[in-house]
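If you read the sequences in order, they're chains R and G.
Using our numbering, the first residue of the first sequence is number 2, and each one after it goes up by one.
Using our numbering, the first residue of the second sequence is number 125, and each one after it goes up by one.
Glycine included, every Cβ here is placed at the ideal spot set by N, Cα and C.
Keep in mind it's a predicted model, so treat the numbers as computed, not measured.
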Amino acid sequence: MPSEIAEEYLEAIFDLTQEGQAAKTNDIAAKMNLSPASVTEMVQRLASDGYVSYERYKGATLTGEGMRIAKKIKRKHRLLERFLVDVLGAKKDEFHEEACRLEHAISDESEKRICQLTNNPKYCPDGDPIPECEDEDCAHCMNQSSVPLQELCEGEGGEITHLKCEDAVRIRRLISMGFVPGRNVILEERAPMGGPLLIKMEECRVALAKEYADLVMVQREHPGGTRRRTRARRGRGTKASV
Amino acid sequence: MEIGLIGQPNAGKSALFTKLTGIGAISSNYPGTTVEFQEGSVLRKGVRLNFHDLPGTYSLTGVSEDELVATRLLAERQLECVVAVADATRLEQSLVLIFQLIELGFKVVVALNQMDVARRRYSIDIEVLESLLRVPVVPTVAVTGEGVEELVEVLVSGNYTESNFQVRYDRHIEVMLEELGRDMNSATSKFPQRGALIKLLEGNDYFAGQFTDRFKAEADKARKEFREDHGEDIEVHITRDRYGEAGRVARECISKRVPPRKISDRISDATMRPYTGIPILVAVLGGIFLAIVFLGGFIEETLLSAYSAVVGDFFEQLAEWIGGPAGEAIASGIDLSLQAILAIVIPYIVLFYLLLGVMEDTGYLPRVVVLLDGVMHHIGLHGRAVIPMIVGMGCNVPAILATRVMESRRERLILAVVIVIAVPCSAQTAVIIGTVGNFAGLWYALVIYLILVALLLILGWLLHKVLKFEPTSLAMEIPDLRLPLPRNVLWKTWSRSKDFFVVAFPILLIGSLILEFLMAYGVLDSLVAPLAPFTEGFLGLPPVTIIALIFGVLRKEMAMQLLVVLFGTADLATVMTPEQLFVFALIMATYIPCLSAIAVMSREFGWKDTLKVTMASMTLAFAMGGLANYLFQFI
Numbered sequence: 002m003p004s005e006i007a008e009e010y011l012e013a014i015f016d017l018t019q020e021g022q023a024a025k026t027n028d029i030a031a032k033m034n035l036s037p038a039s040v041t042e043m044v045q046r047l048a049s050d051g052y053v054s055y056e057r058y059k060g061a062t063l064t065g066e067g068m069r070i071a072k073k074i075k076r077k078h079r080l081l082e083r084f085l086v087d088v089l090g091a092k093k094d095e096f097h098e099e100a101c102r103l104e105h106a107i108s109d110e111s112e113k114r115i116c117q118l119t120n121n122p123k124y125c126p127d128g129d130p131i132p133e134c135e136d137e138d139c140a141h142c143m144n145q146s147s148v149p150l151q152e153l154c155e156g157e158g159g160e161i162t163h164l165k166c167e168d169a170v171r172i173r174r175l176i177s178m179g180f181v182p183g184r185n186v187i188l189e190e191r192a193p194m195g196g197p198l199l200i201k202m203e204e205c206r207v208a209l210a211k212e213y214a215d216l217v218m219v220q221r222e223h224p225g226g227t228r229r230r231t232r233a234r235r236g237r238g239t240k241a242s243v
Numbered sequence: 125m126e127i128g129l130i131g132q133p134n135a136g137k138s139a140l141f142t143k144l145t146g147i148g149a150i151s152s153n154y155p156g157t158t159v160e161f162q163e164g165s166v167l168r169k170g171v172r173l174n175f176h177d178l179p180g181t182y183s184l185t186g187v188s189e190d191e192l193v194a195t196r197l198l199a200e201r202q203l204e205c206v207v208a209v210a211d212a213t214r215l216e217q218s219l220v221l222i223f224q225l226i227e228l229g230f231k232v233v234v235a236l237n238q239m240d241v242a243r244r245r246y247s248i249d250i251e252v253l254e255s256l257l258r259v260p261v262v263p264t265v266a267v268t269g270e271g272v273e274e275l276v277e278v279l280v281s282g283n284y285t286e287s288n289f290q291v292r293y294d295r296h297i298e299v300m301l302e303e304l305g306r307d308m309n310s311a312t313s314k315f316p317q318r319g320a321l322i323k324l325l326e327g328n329d330y331f332a333g334q335f336t337d338r339f340k341a342e343a344d345k346a347r348k349e350f351r352e353d354h355g356e357d358i359e360v361h362i363t364r365d366r367y368g369e370a371g372r373v374a375r376e377c378i379s380k381r382v383p384p385r386k387i388s389d390r391i392s393d394a395t396m397r398p399y400t401g402i403p404i405l406v407a408v409l410g411g412i413f414l415a416i417v418f419l420g421g422f423i424e425e426t427l428l429s430a431y432s433a434v435v436g437d438f439f440e441q442l443a444e445w446i447g448g449p450a451g452e453a454i455a456s457g458i459d460l461s462l463q464a465i466l467a468i469v470i471p472y473i474v475l476f477y478l479l480l481g482v483m484e485d486t487g488y489l490p491r492v493v494v495l496l497d498g499v500m501h502h503i504g505l506h507g508r509a510v511i512p513m514i515v516g517m518g519c520n521v522p523a524i525l526a527t528r529v530m531e532s533r534r535e536r537l538i539l540a541v542v543i544v545i546a547v548p549c550s551a552q553t554a555v556i557i558g559t560v561g562n563f564a565g566l567w568y569a570l571v572i573y574l575i576l577v578a579l580l581l582i583l584g585w586l587l588h589k590v591l592k593f594e595p596t597s598l599a600m601e602i603p604d605l606r607l608p609l610p611r612n613v614l615w616k617t618w619s620r621s622k623d624f625f626v627v628a629f630p631i632l633l634i635g636s637l638i639l640e641f642l643m644a645y646g647v648l649d650s651l652v653a654p655l656a657p658f659t660e661g662f663l664g665l666p667p668v669t670i671i672a673l674i675f676g677v678l679r680k681e682m683a684m685q686l687l688v689v690l691f692g693t694a695d696l697a698t699v700m701t702p703e704q705l706f707v708f709a710l711i712m713a714t715y716i717p718c719l720s721a722i723a724v725m726s727r728e729f730g731w732k733d734t735l736k737v738t739m740a741s742m743t744l745a746f747a748m749g750g751l752a753n754y755l756f757q758f759i
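In structure tokens form, the structure reads like this:
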């Protein structure tokens, strides 16, 4: 695992090598506000660790591994910017620096959560592309935490994450009745003979057809089926007492 | 002063409208009672207030036809101010609509309705709510009239302005608004720049009509851009932000939230759970059927015997006093018309409306919707269609209007056809129960109802197959159960059945006088004779019944009332066999819709479809009558 400062270097080299050329020590120094001498020293160390290939007078380029780490950091940075702006409502001149500090601190798991929360964004607030996730199965990742409302058990609750639908009329119907991301829902009941689901939302109760309930994606209140596990435990408990 | 009443479905707009204007608007405990808007004018403290009762709407996006109507009226009327009827028990949802009204620059006065129910759950700090929204908020209980005076006071005093409250949207959206707003000239526009721009970004044309095409293209680009960036439609995001804001506002003014878990909740659950819900539904329907048969029969007998005790031999004296066949005709014409009203309208029709009113006001109907949604899909409809059908058991005219709650024209058409042909209206029920049920036996009446249910399913299924399409799906709010207020139920019953006294009675009177004259001078028999092969031969009915069938087109209950007149007795068992009564009632049950139903249908669906339905129903009615007559010969 490279140090925080090494990550900063890799990020800077990543930015400077966007057009395919090598990053000159002087340019790196200017970008990071450091003296060229200390930059040369650090770049040499990075080269010996296998993150960059360095040629004197020509400059540094990222190796495969260096590229992977740089992209990861860049991704965390831009996702964090999205999060700061979209979710926390940060101002334009604030979010950049904060993201710079946070990017080294957050775990991969949190990165994934932010990605899910901000709905897998493609660009950062400044319009630069967010590098893609390393996990190949993005769709799976997006869905692992949310399931269609339809799949909740009776009595189970969850929070709406997004609406999986392209049809504007259906989307409008759903949002106008209050099925919007961020709200909590409880599946109360399933009506007989393929009838609607009864959904409780705050103070309202809505009968929602299955076709609609398939479009509303929710995150279970107790992810990973804790409910079921509790039930099983209770079952064992009774057996033991008998 | 023009004032709009707007609010989410079932917030109590119509009840408030009634209390404000004294004009009766039908209100019930289910979403979508009002499909046609009403206007009412009233003079208060020297100011003329002109109220517009708009159909309920959750948002100003306009998805179903009733929401579109509300949106359009709001956009096009020159409203001095808008009374946002909020439901205190569902504050968040109400706030989302209020936000949009404020955004669009309407001067809003909030009537925080259903406070009686809300108070049992939590307390709402009105002052905090007022200071947050920066509009006047008046707590009301529309059904009892609480707070209505205060509301009028606010309206008359003119103590309201446009609020500068703003929903804070996602930063990206705010940037878009800023950028779009920069090169725009807002001087000429009808709606405030920000509000109209938000509507434009939401993809709504009604409020965004003020923009040039170049602008609309610009906004379209922004919408696409947002979608690519966020993987979410911008209108979803905007609504999400509104709900977020609504949640914050609600949290600040609501205190002491007691989780309600009352007996009525338990009953409510039982009405929707499959194992208890279906038996309850069967019991309710059976109860209504039996109540109409037995209670109706009892009331009829009581009324008729009271009538003869009061009248005595007045009409015989009247006949003698006028003298000759003309005297006979006039006397018995009036006499029998009065008897017919007493024997049919009051016992069966008024009673039915009373029961319907109770059912509507408890909030039970939406639960039937939930239970029957699955079944309805087989006939190309969804559960929501149940409500127009039940309304149709009262009268087909409002039922045809109520089909507007369905999303597509095809669904509306299927529903209207099924209602017109297979759902017996209260007048038809009076004919079925008043003739067959009373004089031929309960089982005959039950068989007719079973035939109608079968007809409804077959007809719906056939139409579903012929008009091939994907039925839309149910999304409907389920209101809490509550005890109906006797005043509202009685008032509804009166306003729905008064036509039978003020419109139908004069027609009946004139019709019977004409018929009596024709009979007195012996012309009637020769008039009906040419059609005898059809009536007598094919349907097995006495030739004079053709007159009743013809008048049945005018109004359904007249068919039976005229039977009374034609035979000169209210005791039909003495003049017709049970089989004849059965055939007659069966024909009447599916027969041509009455004139007002035809009129309303052609207005809603065009005369071509209406003509087809009318012809089909007549053919079907006679075919079934003929078939029944044929089958009776083997039994």
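Do you know how far the Cα of residue j is from the Cα of residue i?
i      : j      : result
G:A311 : G:A599 : Summary for G:A311: the model assigns pLDDT 48, below 50, so the residue's position carries little reliability, and this model does not support an answer.
G:P548 : G:A656 : 27 Å
G:S720 : G:T714 : 16 Å
G:L639 : G:V571 : 32 Å
R:V53  : G:S287 : 60 Å
R:Y187 : G:R196 : Here residue 187 of chain R is Ile; the residue named in the question, Tyr, does not match the sequence. Spanning the two alpha carbons is a distance of roughly 34 Å.
G:E531 : G:D240 : 33 Å
G:P263 : G:F315 : 28 Å
G:E216 : R:R184 : 11 Å
G:L144 : G:K732 : 41 Å
G:A628 : G:A683 : 12 Å
G:S741 : G:I716 : 5 Å
G:I378 : R:N34  : 53 Å
R:D87  : G:A346 : 17 Å
R:D29  : R:A13  : Note on residue identity: the sequence assigns Ile, not Asp, to residue 29 of chain R. Each residue's alpha carbon lies about 7 Å from the other.
G:L192 : R:L150 : 28 Å
G:I147 : G:G164 : 7 Å
G:G760 : R:A214 : It is not possible to answer for residue 760 of chain G, since the shown part of chain G is limited to 125 through 759.
R:E212 : R:I115 : 29 Å
G:M500 : G:V724 : 24 Å
G:E326 : G:D393 : 37 Å
Considering only their Cβ atoms, is the gap separating residue j from residue i smaller than 8 Å?
i      : j      : result
G:R364 : G:D357 : no
G:T617 : G:G481 : yes
R:E99  : R:E155 : no
G:D249 : G:A135 : no
G:T527 : G:R534 : no
G:V373 : G:L219 : yes
G:D485 : G:P603 : no
G:I458 : G:L633 : yes
Closer than 7 Å between beta carbons: that is the criterion. Which residues of the stretch 572-602 of chain G meet it against chain R?
S597, L598, A599, M600, E601, I602
Quick one: which residues of the stretch 82-116 of chain R get their C-beta closer than 7 Å to a C-beta of chain G? List them in chain order.
V86, D87, G90
In chain order, which continuous runs of the alpha helix (DSSP H) of length 4 or greater are located wholly inside the stretch 26-84 of chain R?
26-33, 37-50, 65-83
By the 8 Å beta-carbon criterion, what residues does the stretch 163-185 of chain R contribute toward chain G?
H163, L164, A169, V170, I172, R173, R174, L175, I176, S177, M178, G179, V181, P182, G183, R184
Residues of the stretch 196-210 of chain R in Cβ contact with chain G at a cutoff of 7 Å, in chain order, please.
G196, P197, L199, E203, E204, C205, R206, V207, A208, L209, A210
Which runs of the alpha helix (DSSP H) fall wholly inside the stretch 642-718 of chain G and span at least 4 residues, in chain order?
648-652, 669-675, 680-691, 702-714
Three or more C-beta pairs below 8 Å linking the stretch 233-243 of chain G and the stretch 297-306 of chain G:
no
Taking beta-carbon pairs under 8 Å, can you tell me which members of the stretch 385-407 of chain G lie near chain R?
D393, M396, R397, P398, G401, I402
Using a Cβ-Cβ cutoff of 8 Å, what residues of the stretch 116-136 of chain R are near chain G? List them in chain order.
T119, N120, N121, P122, K123, Y124, P126
Check whether the stretch 552-566 of chain G and the stretch 688-708 of chain G are in contact - that is, three or more C-beta pairs closer than 8 Å.
yes
Is there contact here, the stretch 184-202 of chain R with the stretch 104-122 of chain R, by at least three beta-carbon pairs under 8 Å?
no
With a cut-off of 8 Å, do at least 3 Cβ pairs link the stretch 477-493 of chain G to the stretch 405-417 of chain G?
yes
With three or more beta-carbon pairs closer than 8 Å as the criterion, would you say the stretch 318-326 of chain G touches the stretch 222-230 of chain G?
yes
Taking three-plus beta-carbon pairs below 8 Å as touching, is the stretch 254-269 of chain G in contact with the stretch 130-147 of chain G?
yes
Which whole runs of the beta strand (DSSP E) in the stretch 484-549 of chain G are 3 residues long or more, in chain order?
none
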